[in-house]
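Everything in the sequence shown is counted per my numbering, starting at -15 for the first residue and increasing by one. Notes follow the structure.
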Amino acid sequence: MTTTAPNPRLDAQEKALCRAINTFRAEHGKAPLKVSVALVRAAEWMSHDMADHDNFDHVDSRGRDFDTRMEAFGYHPPTKAENIAAGNSSAAAALAQWKASPPHRAILLKTQLKVMGVGRARNVNSEFDWYWTADFGGTVTRTMPI
């Protein structure tokens, strides 16, 4: 699934998450990440998929892992990673959840990463209400402003 539409739009909390991730990286001497159009699309899709199916997992409803899903959205470089969060209405809470988890924190601070894409979705009838996805890559492709 890919799309050639103009850049996706980030809402205020998604923009806040991008900025907060870059602030956290800067505090640890890491370079800021650019926002990848393909990774935003992949992250948005995944967040909506989790919310729509009341599922919290890196494997989506089509049985794809994050690597396969990112490729379906046009991101093909070899270095990829994904963080997901649930139950947080704000960017700050989602980031705090990742910072508190050693494997997720390590992804946030991975030196080889150059781009990110974030997305969130809500389903008030689901277990967690809010679902967040942050997809990361090591090669800069088409980017968009935060």
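Note that CB positions come from ideal geometry on N, CA and C, so glycine has one too.
- Secondary structure at Asp113: strand, using DSSP grouped into helix, strand and coil.
- Setting aside the 5 residues that flank it on each side, Ala65 is surrounded in the same chain by Ile91, Phe120, each with a C-beta closer than 6 Å to its C-beta; the list follows chain order.
- A direct Cα-to-Cα measurement between Pro16 and Glu(-2) gives close to 16 Å.
- With a cut-off of 8 Å on Cβ pairs, the region 62 to 80 is in contact with the region 31 to 41, counting three or more such pairs.
- In the structure shown, Asp44 falls within a coil segment according to DSSP collapsed to helix, strand and coil.
- Glu28 sits away from Gly122, with the two beta carbons spaced by 9 Å or more.
- With contacts defined by Cβ atoms closer than 9 Å, Leu1 and Ala78 form a contacting pair.
- Assignment of Arg53 by DSSP, reduced to helix, strand and coil, places it in the helix class.
- The C-alpha of Arg46 is placed about 31 Å away from the C-alpha of Asn6.
- Within the same chain, Asn67, Ala69, His88, Arg89, Leu92 come within 7 Å of Trp82 by CB-CB distance, once the 5 residues on both sides are set aside.
- Taking Lys18 as the centre and dropping the five residues before and after it, the same chain places the C-beta of Lys98, Val99, Met100, Val124, Thr127 closer than 8 Å to its C-beta, in chain order.
- Counting along the chain, no alpha helix (DSSP H) covers Val102; the unbroken beta strand (DSSP E) around it starts and ends at 99 to 107.
- For Ala70, the secondary structure class from DSSP, reduced to helix, strand or coil, is strand.
- Contact between Arg53 and Asp41 is ruled out by a C-beta separation of about 12 Å, above the 8 Å threshold.
- In the same chain as Asp49, and ignoring 5 residues on each side of it, the C-beta atoms closer than 7 Å to its own belong to His42, Val43, in chain order.
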